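Participant:
Chains as they are written, first to last, in this note's numbering: chain F, 1 to 327; chain D, 328 to 654.
#1: Within 10 Å of its beta-carbon, does residue 46 of chain F have 16 or more other beta-carbons around it, so buried, or fewer, so exposed?
#2: Of all the options F:59, F:104, F:48 and F:236, which has the alpha carbon lying nearest to the alpha carbon of residue 543 of chain D?
#3: Return helix, strand or coil for residue 558 of chain D, following the three-state DSSP convention.
#4: Use the C-beta contact count for residue 655 of chain D: other C-beta atoms within 10 angstroms, 16 or more gives buried, fewer gives exposed.
#5: Going by C-alpha to C-alpha distance, which of D:623, D:424, D:609 and D:350 sits closest to residue 252 of chain F?
#6: Taking its Cβ as the centre, do 16 or more other Cβ atoms sit within 10 Å of residue 320 of chain F, making it buried, or is it exposed?
#7: Use the C-beta contact count for residue 626 of chain D: other C-beta atoms within 10 angstroms, 16 or more gives buried, fewer gives exposed.
#8: Please classify residue 193 of chain F as buried or exposed, where buried requires at least 16 neighbouring CB atoms within 10 angstroms.
#9: When the Cα atoms are used, what is the spatial distance from residue 230 of chain F to residue 480 of chain D?
#10: How many angstroms separate the CA atom of residue 345 of chain D from the CA atom of residue 454 of chain D?
#11: For the segment 256-279 of chain F, list every residue whose C-beta sits within 8 Å of some C-beta in chain D, in sequence order.
#12: Determine the chain F residues that contact residue 527 of chain D at a beta-carbon separation under 9 Å, and present them in chain order.
#13: Below 7 Å on C-beta distance, what does residue 196 of chain F contact in chain D?
#14: Tell me, which residues are paired with residue 145 of chain F by DSSP?
#15: Which residues of chain F have a Cβ atom closer than 7 Å to the Cβ of residue 474 of chain D, listed in chain order?
#16: Please decide whether residue 626 of chain D counts as near chain F, where near means a Cβ-Cβ distance under 9 Å.
#17: Thinking just about the alpha-carbon of each residue, which of F:163, F:281, F:162 and F:186 is nearest to the one in residue 173 of chain F?
#18: Does DSSP put residue 198 of chain F in a helix, a strand or coil?
#19: Judging by CA-CA distance, which residue of F:159, F:205 and F:92 is the nearest neighbour of residue 263 of chain F?
#20: Suppose only complete runs of 3+ residues qualify. What are the beta strand (DSSP E) ranges in the segment 66-144 of chain F, listed by chain order?
#21: Please confirm whether residue 340 of chain D and residue 440 of chain D have their CB atoms less than 9 Å apart.
#22: Exposed or buried, which one is residue 560 of chain D when buried takes at least 16 other CB atoms within 10 Å?
#23: In the DSSP output, which residue or residues are listed as bridge partners for residue 280 of chain F?
#24: Three-state secondary structure (DSSP) at residue 375 of chain D?
#25: Could you check whether the Cβ of residue 390 of chain D sits closer than 9 Å to any Cβ belonging to chain F?
#26: If we count the other Cβ atoms within 10 Å of its Cβ and call it buried at 16 or more, is residue 70 of chain F buried or exposed?
#27: Using 10 angstroms around the beta-carbon of residue 83 of chain F, count the other beta-carbons present and answer buried if the total reaches 16, otherwise exposed.
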């Protein structure tokens with residue numbers, strides 16, 4: 001796969017047509033691929049066409065496509081037959097996060113896809129090195145994790161398992177740029193993938209400060225929204241370091257690192273919320289509480305923000321090279 | 328100071344008219360305050376009027392003010408006399424981060440301001456509890472840290488020192504909302520203030536992953552820009568937790584926390600850059616390298632982004648309550 005790759009020539013498969021799988025099928029079709037979308041669950045097979053049409057309409061609303069909704073829809077072959085995947089170069093597995101179910105799906109794939117097909121799991125919960133044990137060609141198995149909505153997010157996490165061919169991973173990393181992504185390649189399969197790890201490092205320190213009564217949760221959120229949020233979309237933390245210049249900060253760094261929280265147990269507030277079966281905006285009980293439609297207002301507002309930040313970000317420099325091995 | 332406070336009735340002072348002090352003077356004048364702007368350095372006194380006019384023009388460009396540039400300028404009394412501060416309710420100290428210099432300034436303030444005047448340091452490097460020892464009324468001394476450009480950022484960090492009156496801090500927190508800020512109140516004076524601490528927690532984990540050859544610096548930045556950056560401006564990490572629902576993540580949290588980096592020494596790459604006297608975009612040597620005007624392009628582009636993100640953020644929900652004690 002080189003710069004001249006033509007997505008129209010690369011047939012891809014998606015297995016699992018829940019919300020995520022349908023959305024990924026649309027993202028791939030919008031990028032030009034012919035898509036074989038397999039629904040192993042009868043109910044998904046019935047619902048998929050409508051849901052996919054709706055997602056394609058969202059793409060049109062967001063300005064991603066013009067006057068070609070039907071053409072995009074026609075690129076997606078919705079089916080319940082694994083055998084339709086036989087000439088796919090890549091198959092994206094988007095089924096439930098249960099090992100037993102994934103195992104059944106991989107057994108079906110083993111029967112129907114070719115020896116060259118790359119199998120990519122959308123998992124964000126199960127280690128790639130573990131899933132890899134369930135396929136006959138582990139070197140062609142990896143994680144490709146999409147963020148929602150799949151056609152409107154630039155983030156994408158590619159993960160090598162212990163036995164993934166680095167060469168194949170690099171080819172998929174290259175291909176991912178055709179999907180309008182700014183992909184991230186994890187060369188090793190680590191706990192929590194990458195975003196979770198970075199997030200938990202942040203949560204650990206922030207929760208520690210709130211629990212030590214230094215600052216409220218609300219003020220922490222304000223600080224993150226209006227400080228970090230004022231540049232993160234633009235440059236990430238290492239570009240920011242270059243912008244600030246690290247030179248002046250040695251003393252601050254040295255004294256701050258030794259005082260950061262190193263707790264390894266789940267923070268009190270998280271334990272409490274887990275006990276309360278708090279589902280945040282879903283049941284109104286979270287770090288904040290939600291009454292009178294507030295949760296819905298946040299959800300609607302976020303859907304709009306997704307579109308706005310996507311449109312804003314495209315005017316700004318993207319990382320120039322596509323070289324995963326940059327140091 | 329209650330909700331009916333009128334900034335036109337509250338005279339404020341700024342001491343130190345470098346870039347930051349000039350910019351803060353403009354932000355306060357735009358918010359309606361009469362401002363006494365003291366330049367203890369002769370050179371600053373000469374340059375200040377032009378610089379302040381230029382900043383006011385920026386405010387007009389950004390749509391913060393309309394047709395009243397001269398009126399805003401007239402609100403700022405540029406002077407070199409500390410005695411002009413005699414009827415100021417709050418004085419913002421924005422001089423160099425050297426203890427000796429700050430000490431001299433505080434001695435001057437002690438002579439000229441009233442017993443009710445709140446003194447707020449813009450320091451981001453020196454502990455408030457330490458500076459507080461240099462004033463006759465430590466209960467009326469605190470940190471108020473502005474982000475640049477002061478009139479166009481919503482972030483503001485208020486910090487109590489060991490002897491700051493919590494009551495006075497809350498009043499200043501309330502007043503800060505009149506400056507179009509979403510302020511953060513630190514009830515205790517902690518190492519690295521708040522943003523630095525949260526940032527270093529993030530840097531520690533990210534650098535660890537890069538140094539362990541799991542992922543490149545460039546890919547880490549992409550992941551932060553396009554994942555975290557896609558929602559941080561909208562909601563902060565605790566609202567995000569509510570949105571995701573913590574319930575499903577117990578196992579992931581538990582296994583991730585124990586594997587996070589707890590290093591307390593300055594990371595290798597930072598030590599190396601400190602040794603190289605790397606100033607990032609300023610001298611082209613940073614985590615990335617910059618040639619042929621790239622550094623300038625990033626700076627220009629960021630100035631534009633500042634305006635865009637400010638304008639985008641204003642359409643989205645702000646934290647509803649102004650209650651610093653929310654838990």
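No residue lacks a Cβ here, since even glycine has one placed at the ideal position from N, Cα and C. Small disclaimer: the values here were computed from a predicted structure and weren't measured.
Facilitator: Well, looking at it:
#1: exposed
#2: F:236
#3: coil
#4: Here chain D covers residues 328 to 654 and nothing more, so residue 655 of chain D does not appear.
#5: D:424
#6: Only weak support is given to the placement of residue 320 of chain F: the predicted model assigns it a pLDDT of 48, under 50, and the question is left unresolved by the model.
#7: exposed
#8: buried
#9: 8 Å
#10: 21 Å
#11: 256, 257, 258, 259, 260, 261, 262, 263, 264, 265, 266, 270, 273, 274, 277, 278 and 279
#12: 205, 252, 253, 256, 257 and 260
#13: 579 and 583
#14: F:157
#15: 227
#16: yes
#17: F:186
#18: helix
#19: F:205
#20: 76-79, 90-93 and 118-121
#21: yes
#22: buried
#23: F:285
#24: helix
#25: no
#26: exposed
#27: exposed
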